[in-house]
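Just below is one structure, and these are the notes that go with it.
2 protein chains.
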Amino acid sequence: MNQKLTPRSENYSEWYTQVVLRAEMADYAPVRGCMVVRPYGWTLWENIQQALDKRFKATGHQNAAFPLLIPMSFLEKEKQHVEGFSPELAVVTVGGGQTLEEPLVVRPTSETIIGYMYSKWIKSYRDLPVLINQWGNVVRWEMRTKLFLRTLEFYWQEGHTAHATAEEAEAETRQMLDVYYDFAVNEAAVPVIRGVKTEREKFAGAERSYTIEAMMGDKKALQSGTSHNLGQNFAKAFDIQYLDENNELQYAWTTSWGLSTRFVGAIIMTHGDDQGLILPPRLAPIQVVLVPIWKKAAEKEAVLPVARELAARLKETGLRVEVDDTDNRTPGWKFNYWEMKGVPLRVEIGPRDVAKKAVVLARRDVPGREGKIFGVPMEEAPARITQMLDEIQAALLQRATEFRDANIHDVASYEELKEVVGAGGWARGWWAGTSEEEARIKEETGVTIRCIPFEQPEGSGRCLYTGRPAEKVALFAKAY
Amino acid sequence: MNQKLTPRSENYSEWYTQVVLRAEMADYAPVRGCMVVRPYGWTLWENIQQALDKRFKATGHQNAAFPLLIPMSFLEKEKQHVEGFSPELAVVTVGGGQTLEEPLVVRPTSETIIGYMYSKWIKSYRDLPVLINQWGNVVRWEMRTKLFLRTLEFYWQEGHTAHATAEEAEAETRQMLDVYYDFAVNEAAVPVIRGVKTEREKFAGAERSYTIEAMMGDKKALQSGTSHNLGQNFAKAFDIQYLDENNELQYAWTTSWGLSTRFVGAIIMTHGDDQGLILPPRLAPIQVVLVPIWKKAAEKEAVLPVARELAARLKETGLRVEVDDTDNRTPGWKFNYWEMKGVPLRVEIGPRDVAKKAVVLARRDVPGREGKIFGVPMEEAPARITQMLDEIQAALLQRATEFRDANIHDVASYEELKEVVGAGGWARGWWAGTSEEEARIKEETGVTIRCIPFEQPEGSGRCLYTGRPAEKVALFAKAY
Numbered sequence: 006m007n008q009k010l011t012p013r014s015e016n017y018s019e020w021y022t023q024v025v026l027r028a029e030m031a032d033y034a035p036v037r038g039c040m041v042v043r044p045y046g047w048t049l050w051e052n053i054q055q056a057l058d059k060r061f062k063a064t065g066h067q068n069a070a071f072p073l074l075i076p077m078s079f080l081e082k083e084k085q086h087v088e089g090f091s092p093e094l095a096v097v098t099v100g101g102g103q104t105l106e107e108p109l110v111v112r113p114t115s116e117t118i119i120g121y122m123y124s125k126w127i128k129s130y131r132d133l134p135v136l137i138n139q140w141g142n143v144v145r146w147e148m149r150t151k152l153f154l155r156t157l158e159f160y161w162q163e164g165h166t167a168h169a170t171a172e173e174a175e176a177e178t179r180q181m182l183d184v185y186y187d188f189a190v191n192e193a194a195v196p197v198i199r200g201v202k203t204e205r206e207k208f209a210g211a212e213r214s215y216t217i218e219a220m221m222g223d224k225k226a227l228q229s230g231t232s233h234n235l236g237q238n239f240a241k242a243f244d245i246q247y248l249d250e251n252n253e254l255q256y257a258w259t260t261s262w263g264l265s266t267r268f269v270g271a272i273i274m275t276h277g278d279d280q281g282l283i284l285p286p287r288l289a290p291i292q293v294v295l296v297p298i299w300k301k302a303a304e305k306e307a308v309l310p311v312a313r314e315l316a317a318r319l320k321e322t323g324l325r326v327e328v329d330d331t332d333n334r335t336p337g338w339k340f341n342y343w344e345m346k347g348v349p350l351r352v353e354i355g356p357r358d359v360a361k362k363a364v365v366l367a368r369r370d371v372p373g374r375e376g377k378i379f380g381v382p383m384e385e386a387p388a389r390i391t392q393m394l395d396e397i398q399a400a401l402l403q404r405a406t407e408f409r410d411a412n413i414h415d416v417a418s419y420e421e422l423k424e425v426v427g428a429g430g431w432a433r434g435w436w437a438g439t440s441e442e443e444a445r446i447k448e449e450t451g452v453t454i455r456c457i458p459f460e461q462p463e464g465s466g467r468c469l470y471t472g473r474p475a476e477k478v479a480l481f482a483k484a485y
Numbered sequence: 006m007n008q009k010l011t012p013r014s015e016n017y018s019e020w021y022t023q024v025v026l027r028a029e030m031a032d033y034a035p036v037r038g039c040m041v042v043r044p045y046g047w048t049l050w051e052n053i054q055q056a057l058d059k060r061f062k063a064t065g066h067q068n069a070a071f072p073l074l075i076p077m078s079f080l081e082k083e084k085q086h087v088e089g090f091s092p093e094l095a096v097v098t099v100g101g102g103q104t105l106e107e108p109l110v111v112r113p114t115s116e117t118i119i120g121y122m123y124s125k126w127i128k129s130y131r132d133l134p135v136l137i138n139q140w141g142n143v144v145r146w147e148m149r150t151k152l153f154l155r156t157l158e159f160y161w162q163e164g165h166t167a168h169a170t171a172e173e174a175e176a177e178t179r180q181m182l183d184v185y186y187d188f189a190v191n192e193a194a195v196p197v198i199r200g201v202k203t204e205r206e207k208f209a210g211a212e213r214s215y216t217i218e219a220m221m222g223d224k225k226a227l228q229s230g231t232s233h234n235l236g237q238n239f240a241k242a243f244d245i246q247y248l249d250e251n252n253e254l255q256y257a258w259t260t261s262w263g264l265s266t267r268f269v270g271a272i273i274m275t276h277g278d279d280q281g282l283i284l285p286p287r288l289a290p291i292q293v294v295l296v297p298i299w300k301k302a303a304e305k306e307a308v309l310p311v312a313r314e315l316a317a318r319l320k321e322t323g324l325r326v327e328v329d330d331t332d333n334r335t336p337g338w339k340f341n342y343w344e345m346k347g348v349p350l351r352v353e354i355g356p357r358d359v360a361k362k363a364v365v366l367a368r369r370d371v372p373g374r375e376g377k378i379f380g381v382p383m384e385e386a387p388a389r390i391t392q393m394l395d396e397i398q399a400a401l402l403q404r405a406t407e408f409r410d411a412n413i414h415d416v417a418s419y420e421e422l423k424e425v426v427g428a429g430g431w432a433r434g435w436w437a438g439t440s441e442e443e444a445r446i447k448e449e450t451g452v453t454i455r456c457i458p459f460e461q462p463e464g465s466g467r468c469l470y471t472g473r474p475a476e477k478v479a480l481f482a483k484a485y
């Protein structure tokens, strides 16, 4: 525990893995590419779930559960879909000791099975819209894996909706992207960029895919949530038809949208530093840790009840609080430990603080003495702590936004793009290329178009790659 | 929807399936034996989850997530365990297009993979106890399935704990059984009986299994939750060892405990009647439905705002409320519909009620006019509704308890046992038989020992089957 982390500047990937393991967020499972999400990591995910679920329900969605196992033939019904997913499938071929007549796929995503059920449930325009979300696990047989970012099994929510019109489906797709944006910015302090995916990068089976893209601490992009307008593709593949008000049979319009445990990786890589995690207060499993400090038994007797009383007062205000009263570790060890765990605020209480009826507050996001406030009167502590948590939340967002904006560079030519991305930044430039040209850029530079951002400059320009007239700028970056 | 349900007395099994489907609790999935839990059923499960999760956290447990896929060899490490589960396994043999070197089992339960991880995490007595729960899905390849009661995939929680001493493990096992008991009785109004399983009926790999057993409306027993003391069986199979305070290596003592979506079936079959579901108010997705009644447009304009205002006031008090303002159904149709759905309390508001500033309250658990209160002043309605929901909750528990107690009969001989269970009841009698004798009773009568209940009569007696001296009575019943 006291061993130093590999600094981010030295080896970002190694830093990431060490933080995940040492902060006890996750561990490797015995099956290649699978992870165990440990209680500290899962509690963060539960807080993410609550923040999202509240928003899903406020926008009229309900949760349900669809089966894990999908007949192989279902995937084959939507051409793009099966092409996209068939290389990644885990397949159950034996059940109850017998070889199955039709192999079953462990769901990589649930459009097909949900499409099948919707075709049974939806008969009339009165049945629409159907607004359902599912929290669950999916399996994709990835070759190169990394804890939280890409694992064979991961946890997510997948929303699946059906609508009477193309306009409603598009509005839903955009609404849910905005829900993700609101969550990312205001709960996780991750300043994501909204945009639309290119044809090449869209979801297998979608008409149009929207995304929120985040810049990690190493300036690589992380696709953090996606919302897909599926048009009538799955409705036609699974025969989701309804009688409209004129008693005519119509295909429904469907959407799907998902955000996964990958977002835990986004939080770690957006905010973490060389001491470990820094968790945004709104989502942190523990928002405040109290470290009572003593040497002699008499000091412990004086300090511990005061720490516990303050903790109780803080809990009453709804804060998530822990008192570290273990007696086999030094205060310095405990400071390091809770810094590694990314607890946003530490309260130190020693014998002299007790005598002065005061405490010391230490911000996780501002290292050393600069982040400490000494002599905060005990009476004021709860209010000051609540206020400081808000300040930390805002400061994390501001810092990440500044970092992001400082590392996105406008480019006018392919040469400039290569220069910018070669130095690790994101390039933004006019784009009117084809999917083939996009593929060539990826091959030559390793970067992809993360999205065509919603926020666009005025006017138009010339495509940085082809010189053709271009109406939109695209964002190029290396990505996880 | 308006078609009558098959009465319970005519065909209980058919009644059950019809209720589940028509109340839109669940539906059949395209894969044999799998189900889709629809939003109404899943919301009930979410309420069950919250009631349990709160209790788990209050007793010091945290949630985590362990992998879905388990190496086949893991199951083979605990002899009884593999014997118990190997006939029911779903096996992944292909991943990413390749045949796997070692087949992976879709978890039927997680003792083995969690045991493996605990052996990595637990080093010292300071690491103990480990108190972890997991909410998730498991797959068991069952031959005869029934929605919620027995499906290939089901949803549950499984707690897994590790302790330094046998006493602590036993205390944990008993504590979690009491948590289930408290939940079942006080949230679900299902008057379960606590007891210990016989050797023959215990969990594959456990030293001792505790259970809560419920009596369904057809008097069959439903095992509704179990808590297992695993002794050192899994600790030895997976090498979960720790250094004690004397620096000596010891095996840990582990437990596991689970409650599943099967409990949704318990609620349906404990409380439902020939009109459909009756849901206990504490868990009901919708606690109160308001049905505004109108014929002419002017009446609708008078009635609807009043209904909505009352609904808003009820929601402010924290109740889960729905206003049925659809205009293509008659009030009578709506009454039947919400009765089928088991909403505990209905509020009727017609033009005359509005004129009188009053409402009609109708209890789901008391059919017809007897369950109605007319002329409840609007001002008093929220308080009266809250009070009536408490009354309904209590009445459901009382009715189920009386039904249960009226159908458990003391028996002194095998003849009496056969008579009682032949008539569909539960038999209670002194028991000192062996596992072989127990198996013979099952073969001859179809009944099993549900448990040796904690509540025992004074004294001792003669075993009803063997005549041997017996210290305990056992409960015999046919079971789901």
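Here the protein sequences line up with chains A and B, keeping their order. Residues in the first sequence are numbered consecutively from 6, following the numbering used here. Residues in the second sequence are numbered consecutively from 6, following the numbering used here. All residues carry an ideal CB built from backbone N, CA and C; glycine is no exception. Values in this document were obtained by computation on a predicted structure and should not be read as measured data.
query: Three or more C-beta pairs closer than 8 Å, one from the segment 238 to 254 of chain B and one from the segment 91 to 109 of chain B: is that the case here?
result: The segment 238 to 254 of chain B vs the segment 91 to 109 of chain B: no contact.
Proximity to Ala271 (chain B) [Cα-Cα], best of B:Lys84, B:Thr259, B:Leu288 and B:Gln255: Numbered from 1 along the second sequence, position 266 holds the residue referred to as residue 271 (chain B). Minimum Cα distance to Ala271 (chain B) is reached at B:Leu288.
message: Please return the same chain residues whose Cβ sits closer than 6 Å to the Cβ of Ala169 (chain B), not counting the five positions on each side in sequence.
response: For the purposes of this step, residue 169 (chain B) is taken as the residue at position 164 of the second sequence. Contacts found: Tyr130 and Leu133.
- prompt: What is the DSSP secondary structure of Trp20 (chain A), reduced to helix, strand or coil?
  reply: Looking up residue 20 (chain A) in the first sequence gives position 15. In the structure shown, Trp20 (chain A) falls within a helical segment according to DSSP collapsed to helix, strand and coil.
message: Determine, for Ala152 (chain B), whether the minimum Cβ-Cβ distance to residues of chain A falls below 7 Å.
response: Position 147 of the second sequence, counted from the first residue, corresponds to residue 152 (chain B). Note that residue 152 (chain B) is Leu in the sequence shown here, rather than Ala. Answer no: the Cβ-Cβ gap between Leu152 (chain B) and chain A never drops below 7 Å.
message: If I follow the unbroken beta strand (DSSP E) through Ser229 (chain B), where does it start and stop?
response: Taking the first residue of the second sequence as 1, we reach residue 229 (chain B) at position 224. Note, Ser229 (chain B): beta strand (DSSP E), Ala226 to Asn234.
message: Taking the alpha-carbon of Arg155 (chain A) as reference, which of A:Ile118, A:Arg267 and A:Arg433 has the nearest alpha-carbon?
response: One-based indexing of the first sequence puts residue 155 (chain A) at position 150. It is A:Arg267.
field: Residues near Ala211 (chain B) by beta carbon distance below 7 Å, same chain, minus five either side
entry: Along the second sequence, one-based indexing puts residue 211 (chain B) at 206. His233, Asn234 and Leu235.
From B:Trp435, B:Phe188, B:Val24 and B:Gln255, residue whose alpha carbon lies closest to that of Ala479 (chain B): As a working note, residue 479 (chain B) is residue 474 in the second sequence. Measuring from the Cα of Ala479 (chain B), the nearest candidate turns out to be B:Trp435.
- prompt: Given a limit of 7 Å on CB to CB distance, which residues of the segment 41 to 70 of chain B reach chain A?
  reply: Result list: Val41, Val42, Arg43, Pro44, Trp47, Thr48, Glu51, Gln67, Asn68, Ala69 and Ala70.
task: Return the chain-ordered list of same chain residues with a C-beta closer than 7 Å to the C-beta of Glu396 (chain A), the five sequence neighbours on each side being excluded.
output: Against the first sequence, residue 396 (chain A) aligns to sequence position 391. Closer than 7 Å at the Cβ level, and outside the excluded window around Glu396 (chain A), lies no residue.
For Pro382 (chain A): DSSP bridge partner residues: The count along the first sequence starts at 1 and reaches residue 382 (chain A) at position 377. BP columns for Pro382 (chain A) point to A:Ala363.
- prompt: Since Ile413 (chain A) is in the beta strand (DSSP E), which residue starts that stretch and which ends it?
  reply: The residue labelled residue 413 (chain A) in the question sits at position 408 within the first sequence. Looking at the DSSP string, the run of the beta strand (DSSP E) that includes Ile413 (chain A) is Ile413 to Asp415.
- request: Give a yes or no on whether the minimum CB-CB distance between Ala34 (chain B) and chain A is below 7 Å.
  value: Counted from its first residue, the second sequence places residue 34 (chain B) at position 29. Yes - at least one Cβ of chain A is within 7 Å of the one on Ala34 (chain B).
- prompt: In whole angstroms, what separates the C-alpha of Ile127 (chain B) from that of Arg318 (chain B)?
  reply: Taking the second sequence and counting its residues from 1, the one referred to as residue 127 (chain B) is at position 122. Taking the second sequence and counting its residues from 1, the one referred to as residue 318 (chain B) is at position 313. If I take the Cα positions, the gap works out to 52 Å.
- prompt: Within 10 angstroms of its Cβ, does Phe459 (chain A) collect 16 or more other Cβ (buried), or is it exposed?
  reply: As a working note, residue 459 (chain A) is residue 454 in the first sequence. When all chains shown are included, Phe459 (chain A) counts as exposed.
query: According to DSSP, is Asp183 (chain B) helix, strand or coil?
result: Start at 1 with the first residue of the second sequence, and residue 183 (chain B) comes out as number 178. Helix.
Interface positions of the segment 67 to 98 of chain A facing chain B (Cβ-Cβ less than 9 Å), listed along the chain: So the close ones are Gln67, Asn68, Ala69, Ala70, Phe71, Pro72, Leu73, Leu74, Ile75, Pro76, Phe79, Ser91, Pro92, Glu93, Leu94, Ala95, Val96, Val97 and Thr98.
query: Looking only at C-alpha atoms, which of B:Glu344, B:Val296, B:Lys320 and B:Lys301 sits nearest to Thr331 (chain B)?
result: One-based indexing of the second sequence puts residue 331 (chain B) at position 326. Checking every option, the nearest Cα to that of Thr331 (chain B) belongs to B:Val296.
- prompt: For Tyr121 (chain B) and chain A, any beta-carbon pair shorter than 7 Å?
  reply: As a working mapping, residue 121 (chain B) is identified with position 116 in the second sequence. Interface criterion met: the Cβ of Tyr121 (chain B) is under 7 Å from a Cβ in chain A.
query: From the DSSP output, which residues share a beta bridge with Trp456 (chain A)?
result: Sequence index remark: in the first sequence, residue 456 (chain A) carries index 451 (1-based). According to the sequence as given, residue 456 (chain A) is Cys; it is not Trp. According to DSSP, Cys456 (chain A) bridges with A:Leu480.
query: Given a threshold of 16 other Cβ atoms within 10 Å of its Cβ, counted over all protein chains shown, does Asp329 (chain B) qualify as buried or as exposed?
result: For this step, residue 329 (chain B) is matched to residue 324 along the second sequence. Flag for Asp329 (chain B) reads buried.
- prompt: Excluding five sequence neighbours on each side, which residues of the same chain lie with their C-beta closer than 7 Å to the C-beta of Thr471 (chain A)?
  reply: Looking up residue 471 (chain A) in the first sequence gives position 466. Correct list, in chain order: Ala437, Gly438 and Glu442.
- request: Kindly identify the DSSP beta-bridge partner or partners of Val308 (chain A).
  value: In the first sequence, counting from the first residue as 1, residue 308 (chain A) sits at position 303. Paired residue(s): none; Val308 (chain A) is not in a bridge.
task: Could you check which residue in A:Met148, A:Gly263 and A:Arg149 has the C-alpha nearest to that of Thr166 (chain A)?
output: Indexing the first sequence from 1 puts residue 166 (chain A) at position 161. Closest in C-alpha terms to Thr166 (chain A), from the list A:Met148, A:Gly263 and A:Arg149, comes A:Gly263.
message: So that I know if they touch, is there some Cβ in chain B lying closer than 7 Å to that of Cys456 (chain A)?
response: Against the first sequence, residue 456 (chain A) aligns to sequence position 451. Chain B contact via Cβ: absent.
query: If we call anything under 7 Å between Cβ atoms a contact, is Leu350 (chain B) one with Ser418 (chain B)?
result: Taking the first residue of the second sequence as 1, we reach residue 350 (chain B) at position 345. Taking the first residue of the second sequence as 1, we reach residue 418 (chain B) at position 413. Result no, Cβ atoms of Leu350 (chain B) and Ser418 (chain B) do not sit closer than 7 Å.
- prompt: If you draw a straight line from the C-alpha of Ile298 (chain B) to the C-alpha of Glu321 (chain B), how long is it?
  reply: Numbered from its first residue, the second sequence carries residue 298 (chain B) at position 293. Numbered from its first residue, the second sequence carries residue 321 (chain B) at position 316. Those two C-alpha atoms are separated by around 23 Å.
task: Tell me whether Ala428 (chain A) is buried or exposed, calling it buried when 16 or more other Cβ atoms sit within 10 Å of its Cβ.
output: Indexing the first sequence from 1 puts residue 428 (chain A) at position 423. Burial call: exposed.
Simplified DSSP assignment, three categories, for Val425 (chain B): Here residue 425 (chain B) corresponds to residue number 420 of the second sequence, with the count starting at 1. It is helical.
query: Would you call the segment 66 to 84 of chain B and the segment 75 to 91 of chain A in contact, with 3 or more CB pairs under 8 Å?
result: no
field: Proximity test, Cβ basis, 7 Å: Glu158 (chain B) and chain A
entry: Translated into the one-based positions of the second sequence, residue 158 (chain B) becomes position 153. So yes, Glu158 (chain B) belongs to the interface.
task: Compute the beta-carbon to beta-carbon distance between Gly230 (chain A) and Gly277 (chain A), rounded to the nearest angstrom, for a pair I have assumed lies under 8 Å.
output: Translated into the one-based positions of the first sequence, residue 230 (chain A) becomes position 225. Translated into the one-based positions of the first sequence, residue 277 (chain A) becomes position 272. Contact between Gly230 (chain A) and Gly277 (chain A) is ruled out by a C-beta separation of about 20 Å, above the 8 Å threshold.
task: Please determine, among A:Val371, A:Glu353 and A:Gln403, the residue with the shortest C-alpha to C-alpha distance to Gly380 (chain A).
output: Here residue 380 (chain A) corresponds to residue number 375 of the first sequence, with the count starting at 1. Cα-wise, what sits closest to Gly380 (chain A) is A:Glu353.
message: Would Trp146 (chain A) pass as an interface residue toward chain B - the criterion being a Cβ-Cβ separation below 7 Å?
response: By 1-based counting over the first sequence, the position of residue 146 (chain A) is 141. Answer yes: the Cβ-Cβ gap between Trp146 (chain A) and chain B drops below 7 Å somewhere.
- prompt: What span of residues does the beta strand (DSSP E) with Trp343 (chain B) cover, start to end?
  reply: For the purposes of this step, residue 343 (chain B) is identified with residue 338 of the second sequence, where counting begins at 1. Premise fails: Trp343 (chain B) lies in the alpha helix (DSSP H), Pro336 to Met345, not in any beta strand (DSSP E).
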